[in-house]
Each structure stands twice: as structure tokens, then as C-alpha cells.
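K.L.:
Chains as they are written, first to last, in this note's numbering: chain A, 2 to 279; chain B, 2 to 279; chain C, 2 to 279; chain D, 2 to 279.
Ideal placement from N, C-alpha and C gives every residue a C-beta, glycine not left out.
These numbers come from a predicted model, not from an experiment.
Got a structure for you, questions after.
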């Protein structure tokens, strides 16, 4: 089956087909709702969820999503995303392009663990649902066995800097009452903890969730697709990127590189001086 | 005075100096606040304002800011920002890079009028404050005179598609009660309306605010710096960009260009067939 | 083994370590050579190869590389890379950011087949070298068997538009004499043709190389690493992106979206008009 | 006069109108030439010039352009463009997106002086041509007077690091014989030197051309439009960006920020620890 856009159009598909918005003269419809009914009524978290997932989430769910967005908003200029945006701000490009420069690096490795963890969690849920005779702990153990065999790392655990990240316990504390109230199921929070706990037993050393892992569990609770995780993080870290690029812009310093001009920070390890043969 | 980063460092400045955040082991401080006290307490709008402007705004101010963010969130795939992100999603790059592609084009012209309008509004306020003997209408008239002389266009007015944009009246209706309650001064809303009204009289035809103009007035009311406007719009339209890129990703269509392969949409107007001289 | 940059630095590694260039006051050394000996001596293709691979290639090899760069330089505004850059040029961002917008979409799918084909070719070569008792045709057949089993598509074959791409025969005609002169081995050109030919026999229909496939074979002949392919294509298509963005910039048209405002080109398929419950 | 793309289309313009290339089934025409006649015939410099300016330049002119491209190709990881691309390479995004990240920062300040210098040179030429009674020295003096009055800095002079940049004398040495042969006029080289020399006399200290200034003079000699300068530099520095991002990719290090985690490199200067009022 062809996945060519040209073939789809030849077969009658519209070139640009969207269920997100309908834009006409003096009319902006978002997922069926007139925009003027959403402005001032929906929070940022509700609007993002409506655009991405198609329905308006409850206020409590949206607040939980915003908690995740706030948690990831900044990690200072040592983070490549923040540094890249700040360096861009000293190079004379449009401010939004500085922001894009920072967001462009939030890939598989820098914040991308949430997507991998969500994929694992959703898949584990499918396996657990498929065979109700096994409990969650068993399914998690099987998943860990398989990951071990394939040399895969469990996503969402460990951090270069933190081993008791203050964001994690806070996010958990915010999610727990929503489980009790039935707003979210709690299954993915439980699952994330199972993965962490069982790996700790296997490795015989303390394992800690990182903010990607906690965000992943909560985003699964909210029914957000795994493939959307990098986009959500872009809007979360995006806040910090905007603020840092703006701060650097105010410095009015020109062409700031990554580090000062010092011998211990940059090393040339290539061939010694030589000349072209003539 | 040198603006070189190297010179500043030679004179004792830290290479990376920030008043936004302090990141240490198991400690993330944002503008003085421990992050765990912000997560679940601040809304997206409050967190963005804190990061950018240094203080936590009131809930009402933050809601007004979120109204602006919601208003600009999407304008469908005919907008270059949305189309660029959707095309990127068919080309096999990281999802965040699709988002960056869309945000990269939100420049001076595509959403950038808000910054120009804010600069005008802040400057007009300074002029009005400097000479209390003139009323706002006079200062606005002088500004319009000068812009006319220099052939400058008033930013924040008119739209390719809308002439009664439903977002504008809604944003005004949300802002008005906050003026009455003293949350915001109302001076910039009044000023924007003065500019629109006086230009209408000069041009002798209906002039309508666009969403950039209304956003500019509200952002001035909130004390947001003009130079930050493109960053805020990046996080507003960013929501639509994330949703549209995700939707296109789900189509699993490959290499979608801007329009179907039809003769009426692409025209070659270069030299007729020729050959290199040999 | 940790792959953390912080750990490496803690163990004595330089933070920025490069074998490419050494920059000191009034001295720019590239791979050991003073830059002033390279300027005017090396062609673009030679300089790119020196920077990327560490040594200056022969003039003939560099010309072959430039042939590949010229071949991929443009495919008109229906290509997402070109369209994205042109749309960016109507949005008011820095010209280099328009170029970056175009290059940002040259990912796995849009031009990325060359990398996959190069990986396949290099791997096939290793397999052939490991067991001299089998001839190339046998090794290729085994690779095709395995790809078939795993449902993988052979990269570098087929095109949305062309079935006798004029670039392919030209590139082959340029490479052939270099095989005869011993400049390149010819093994990868032969291998690419074997893959194409055997697949044709299996599928019982005409299969044609595309420009990614031909570029891949030539780049393998030149000893370029597979993972560098997307970077090379960025500098090839980059020429077209620069020219098209510049042309669009000269139009001075504002906010050009992907297609005209016509009902047959954009379709909304979301929910019918609805209102928030209150 | 409207500059709206929608209005132009309503008046009969093609949506995508280009004089650069015509792409049909099995036919790729570049500025009138079939692509297969260009591949292997044109160098990179010739192809870039043809795409951008519409005609094939002489081999000597194209070589001079390539000299400029080679001269700007790399300035090591202390340059923001190189560092941004290397950091991106540790973050898990597509290789071309690493390249785009680097190119995205080559704005008005980082490499952008060439454009400003070219604008000045072209404008000075117009003034000189308009009144043949004044010699070049007089026109340059008037331009310097005016720039002084307006507080403008002469673009293309001075460098953070170099004061006798080895690239400059080499580029001049390559250009000189082409003046003698009549390939280029030499007027812009002379003009650049006049500007440098007169400023030196005014400032009473040594002033040196930088690589942007020398590139500007040569690009004017070649008839390249000023507004295209950033695109050309993108393809010049693009070589270094590709090589450095590839080198960093090979390190397989994860999330490398701008500098090591040391107290003397990052400083927090914001408010002391505080808590939200409740």
C-alpha cells in the first residue's frame, strides 16, 4: 500500500485534511468549538489537550498536565536546550528562531525518555489486559527480562545530577488524590513504581525515577499518546527557553560561544601542522 | 564600550550568568522559589510570567495572559507555521524538530506585529507621561502623523482573512472587568482603541484590530517587555503546531509538499531549455 | 560504561575535544593544514571531504563528490524542503533561519534513503569480505532474503515522480572511468546494481535507482561514513534552498502559506459545531 | 499596494512561481539547463551561482567564490554555530536537524557583517557612479562622515580574536590576478581597502579587515546580491558544522551542555531562596 501523498490525492483525498480546526472568514472553529467560547474559559493545559486529543479535559486533569509542564520548564544554562537558545540570542536572529533553536535539540536523548517510557507503559498495560490471570508485578518482571535480554535500558530512571529529584515526589503527591477521586486510574503510576522497584531489586542499588519517568506515568494516566510526548515537552521547556533567550538578549553581548576562551576547555587532538604536497 | 563576551569574561563576569534559575544536586530554584513549591501551585501562565518577568502574577492576570495564549493557538494549515510543521512531520525528523520548524517561521511578519505594536504603545505611554498637558488623543495623533511621514504602517490592524475577528471582542470583554477591579490600568487598551479609531477617521474606512494588536495591548497591560512578544507567541501557536504535526504524523504519509502536483499551482517562469556552451 | 559528558570530564577529558580544527590568534589550522594553504587550492568538495574525513581527496574524487552535490541541489517548490524555506522567507526571519528551516526537514524520509542504502552497502561488503567463497550475487541475495523476511524496503529505489531519472545515468557515466583508472574500486556501484537487478527479478517489474541510491553507491566508493550522508545532502539541497528562499524574499509577498485559499485544497474533518457545557 | 499572497493569487498569479527550476517526470531543468548537462560539468561554486544568480559563471569566478566558501568553513567549537550543532548531536535528533541548529544561529551578528558590508559597498558604488566628478576616496569619506554622524559601525572590520587574519591576505592575493585579467573589476576590493584605510587614519590606530569584510568585497566583485550573503555563508560554515556535528556524534556522549559543571562557569544572580505566600 502506497503511503505517497500524491497517490492519496489522486484517489480523492484532500491535500490538507484536518480534524483540528476549521478557519473561515471571521470564524475559527477548534475541534468543533468556536474559539471565542474557549478564550478565557480554557486554561493552557485544557486548550493543549483539546487541540492534541480532541476533547476538553476536566479542570483537575488539566491542572495535573500543567504540573508536568511546570516541572520541566527549566534546568538552567547547562542544559543544551537552554544554552543553544542563549547562544542564538547573541547571534542576531529573530527571537522566535532562538526559541526554535532550543526546541530543536529536545530530541530522543534530551527529554525524549518520556516517550520511550510511555510506549513501555502502554505496551505493558496491553499485555496485562490481555491475560488477567497474571498480576502487574509478573507482567513487569517479564518486560524487564526481555529488556535485559535485548540489552535495553529502562527509560525514565536516573539523572546526571539528581538522585532525589524534588520534582518527583511533588508530582506523585499531586497525582495521588486524583486517583482516589477517580479522575485517573492510577494504573500507570503504580506500574512506573513497579518498574523502578523491581529494577532496584535486580541491580541491588538505589534506583530513582527522573522527571521524564514521572511525566510519562502521568501523561499515560491522562491518555496522551506516547508519540506526542516530545511536543508536550517542547511547550514545557519552551517556557525556560523563552525566558533564558530573553535574558541573554538583554545582555547585548555579541557572539557568545559555549565557554570562555581557555586552554583547559577546548582541546585540538588532530594532526600536527602539515602542508599540502605540491 | 565592547560588547564582546570574551572581554566581559576577562573582566571577571561569569560566562553563564542568570537570574532565572539555580540548579544544584536535588535542588532547582526558580527566581528564588524551590520548584516543588511551584509545581501544582502555579498555572502555565503564572510560571511563564515568573520565568520571564521575575515575579508571580496574580491568578487573574495569569488567566488574562492564558486567554491571549489560547487565542493565538491555531489558524489551520494555511498558516505557514502550521504547514511547515506538518510538512516536516512527513519527512522523518524528530517530533520536537517538527515543532521547531513551525516555530522558526513565527518571525517579524507572521505573528510579529504584536512586538511592534507593544513598542509603539510603550513609547506612546512615555511621551504621554512626559508631558501631562497633552491628553492621550493628542499624543496618539502626533505618533500617527510621524508614522505617516515616515511611511510606516500601524501594526496590529487588518488581516488577510478576517474583518470582524471573533477573538478580539472576546479578549476585550475579558480584559474590561480587570480594569474595573484595578488589576490592570486599562491605559494600553484605551490607547490601542485610540490608534484604531483615529486611523479609521484618517483613512475614512473601517479599520479592525487583529489578534496581534489585541494581544499587544493586553501584554502591555501585564507589563511584559515588547522584545518578549515573539517568545510568548511561540508558546501560544506552539500548541497548534504540536497538535497539527502530531495529526500529520498519524497519517503516515511520506514527503508531503505544499500542494498537489497540479499545473495551476506551480509555474516555471525561467529561461526556456538551453545547453551549456562547450 | 557511562556515556555522560560530565563523567568523561571528571575523568580528565577536555570538554570540547576536536581533531578537526585548532583556532588560535591569527592561526586557523584545519586537520593540520594552515587555512591559507587551503583557500584557493582546495575545491568545495575537497574541503568538505578534508573536514569530514580528515584527508584531502584527489581532484577526481572530489569532482565525483561535487557531481553528487550538484545532482541533489534542487527539486522545485513541491519538495517540502524548498517549500518550507520559501514560506519562511515570507514570514520575516533571518535569511539563514529560512535556510535552516529547509534543511531541518531533510530527515530520514526526505533524502534520508542514502544513509540507509550506505549502511546496507557497507554491511554487505563486510559480509562478502568475511567469506570469499561466496560471490557478490549470493551475498546480495541473502541480504534481500533477510530484508524480505523482516518486511524491510530496499532503500534507494523508486521515486514519487521519476521512473527514468536523468541524474542516475549521468552519475554512473561519471563514475565508470574512475573505476577504470583505479581512483575508486567500483564494488559499491556494482553492488547497487546487483540489488536493483535482483529485486527486479523477484518483483517481476522494472525497478529504477533513485538519486539517493546512486548517491549512496558513490559516497561508499569515496569512503564517506554512512552516518554523514544527511549532512552532505544538507549542503547539496542547501544550494537550492538558498536560491529559492532568496527568490521568494525578492517577491516581497507576506505570509505565504502552502496553497491558495481554495476549498478543494484544505478540508476540515473534525466534529461539527458544538459548545462547551456550562 | 497589497503584498498579500492571497491577493496576488486572486489576480492570476501562480501560487508557486519560480524561475529557478522546472521539475517534470524524468526532466529536471535548472535555469533552462537539463540537470544531466550540469552534473559533472559544473563545480559546486558554479552550480550555486547558477541557482542563485541565473547564469553559469566562468571557472575563475567560481573558483574565487569557492575560496570564500573555504575561508569561512570552520572556526572551531568556540563559535556558537559549531557548538550549537555539536550540542545538538548529543541530544538525539536527526543529523540534518543538528546541521540546521548550527545554521539557524548564523544571523546578523554571527557572520552577518558581510551582508551589511555588501550593502554599503553597492550603495557607495551607486553614489560614485552618480557623480563622476568625485573620486572614490571622496565618496568613501562622505559615507564615513555619515556613518559617524549616525553612530554606525563600519561592518567587516575587527575580530574578537584575530588582528592579522591569515585568510584575508590569501583571499586578496587570489583576487588580484583576476582583476588584471579583467575577470572582475577590482572596484569593490579597492573600495573596501579605502574604507579600512580612511578609518585607520580617523581612529589613529591599526584597523584590520575581517573575513566578513573580505568576503563582502569579493562577493560584490562577483555580482552576488547583498541579501544573499547569509545563505552563502550558511553553505560555507555549513561544511564545518557538518564535520563537527559528525565528530560529536561519533563520541556517543549524551546531553553535552556548553561547559563542564563547574562553579566558576555558571553563576546564579537571582533572588535568594524564598517561598510563595499562601
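Given this structure, state the Cα-to-Cα distance separating residue 41 (chain C) from residue 59 (chain D), to the nearest angstrom.
P.N.:
15 Å
K.L.:
What are the start and end residues of the beta strand (DSSP E) that includes residue 22 (chain B)?
P.N.:
22-25
K.L.:
Counting only C-beta atoms, is residue 221 (chain A) closer than 8 Å to chain B at any point?
P.N.:
no
K.L.:
Return the bridge partner residues of residue 281 (chain A) from the DSSP annotation.
P.N.:
No statement about residue 281 (chain A) is possible, as the shown extent of chain A runs from 2 to 279 and does not include it.
K.L.:
What are the boundary residues of the alpha helix (DSSP H) that includes residue 194 (chain C)?
P.N.:
188-204
K.L.:
Which residues does DSSP pair with residue 35 (chain C) in a beta bridge?
P.N.:
C:30
K.L.:
Do residue 6 (chain B) and residue 267 (chain D) have their beta-carbon atoms positioned less than 8 Å apart in this structure?
P.N.:
no
K.L.:
Evaluate residue 302 (chain B) with the Cβ neighbour count: other Cβ atoms within 10 Å of its Cβ, from every protein chain shown; 16 or more gives buried, anything less gives exposed.
P.N.:
Absent from the model: residue 302 (chain B). The displayed extent of chain B is 2 to 279, so no value can be given.
K.L.:
Run the CB neighbour count on residue 265 (chain D), radius 10 Å, all protein chains shown included, and call it buried at 16 or more, exposed below.
P.N.:
exposed
K.L.:
Given a limit of 8 Å on CB to CB distance, which residues of the stretch 73-86 of chain B reach chain A?
P.N.:
74, 75, 76, 77, 78, 79 and 84
K.L.:
Residue 88 (chain D) CB to nearest chain F CB: under 8 Å?
P.N.:
The chain labelled as chain F is not found among the protein chains of the depicted structure, namely A, B, C and D.
K.L.:
Opposite residue 109 (chain B) in the DSSP bridges: which residues?
P.N.:
Answer is none; residue 109 (chain B) lacks a bridge partner.
K.L.:
When burial is assigned at 16 or more other CB atoms within 10 Å of the CB, is residue 3 (chain A) buried or exposed?
P.N.:
exposed
K.L.:
How would you write the range of the alpha helix (DSSP H) that residue 71 (chain A) sits in, first residue to last?
P.N.:
60-72
K.L.:
Counting only runs that start and end within the stretch 198-266 of chain C, where is the beta strand (DSSP E) found for 3 or more residues in a row?
P.N.:
none
K.L.:
Residue 99 (chain B): which of B:274, B:246 and B:170 sits nearest, CA to CA?
P.N.:
From the listed residues B:274, B:246 and B:170, the smallest Cα separation to residue 99 (chain B) is found for B:246.
K.L.:
Count the other CB atoms within 10 Å of the CB of residue 97 (chain B); is the residue buried (16 or more) or exposed (fewer)?
P.N.:
buried
K.L.:
Whose C-beta lies closer than 7 Å to the C-beta of residue 54 (chain B) among residues of the same chain, with five residues either side of it excluded?
P.N.:
224 and 225
K.L.:
My output table needs one value for residue 171 (chain D): the three-state DSSP class, helix, strand or coil.
P.N.:
helix
K.L.:
In the DSSP assignment, find the unbroken beta strand (DSSP E) run with residue 18 (chain C) in it and report its ends.
P.N.:
17-19
K.L.:
Taking C-beta pairs closer than 8 Å, name the residues in chain A that residue 40 (chain B) reaches, listed in chain order.
P.N.:
68, 71, 72, 168, 171, 172 and 175
K.L.:
Please list the partners that residue 98 (chain A) has in chain D, where partner means a Cβ-to-Cβ separation under 7 Å.
P.N.:
105
K.L.:
Measuring CA to CA, which of B:12, B:218 and B:269 is closest to residue 117 (chain B)?
P.N.:
B:218
K.L.:
With residue 46 (chain A) as the anchor, note down where its alpha helix (DSSP H) starts and where it stops.
P.N.:
45-54
K.L.:
According to a CB-to-CB cut-off of less than 8 Å, which residues of the stretch 252-268 of chain A neighbour chain D?
P.N.:
255, 256, 257, 258, 259, 260, 261, 262, 266 and 267
K.L.:
What are the residues in the stretch 137-171 of chain C lying within 9 Å of chain B by C-beta distance?
P.N.:
So the close ones are 161 and 162.
K.L.:
Could you check what DSSP says for residue 82 (chain A) in three-state terms: helix, strand or coil?
P.N.:
Here residue 82 (chain A) carries a helix assignment [DSSP, helix/strand/coil].
K.L.:
Per DSSP, what are the beta-bridge partners of residue 158 (chain A) in this structure?
P.N.:
A:210
K.L.:
Step through the CB atoms of chain C and report whether any lies within less than 8 Å of the CB of residue 272 (chain B).
P.N.:
no
K.L.:
Work out the CA separation of residue 169 (chain B) and residue 43 (chain C) for me, nearest whole Å.
P.N.:
59 Å
K.L.:
Between residue 280 (chain B) and residue 84 (chain B), what straight-line distance do the alpha-carbon atoms span, to the nearest angstrom?
P.N.:
Given a span of 2 to 279 for chain B in the structure shown, any question on residue 280 (chain B) remains unanswerable.
K.L.:
Hey, does residue 111 (chain D) have any beta-carbon neighbour from chain B nearer than 8 Å?
P.N.:
no
K.L.:
Taking Cβ-Cβ distances below 8 Å as the criterion, which residues of the stretch 190-215 of chain B are in contact with chain A?
P.N.:
none
K.L.:
For a quick check, are the C-beta atoms of residue 229 (chain A) and residue 271 (chain C) less than 8 Å apart?
P.N.:
Contact: no.
K.L.:
Within the 8 Å Cβ cut-off, does residue 6 (chain A) reach chain B?
P.N.:
yes
K.L.:
Contact between the stretch 71-89 of chain A and the stretch 103-111 of chain B: three or more CB pairs below 8 Å?
P.N.:
No, the stretch 71-89 of chain A does not touch the stretch 103-111 of chain B.
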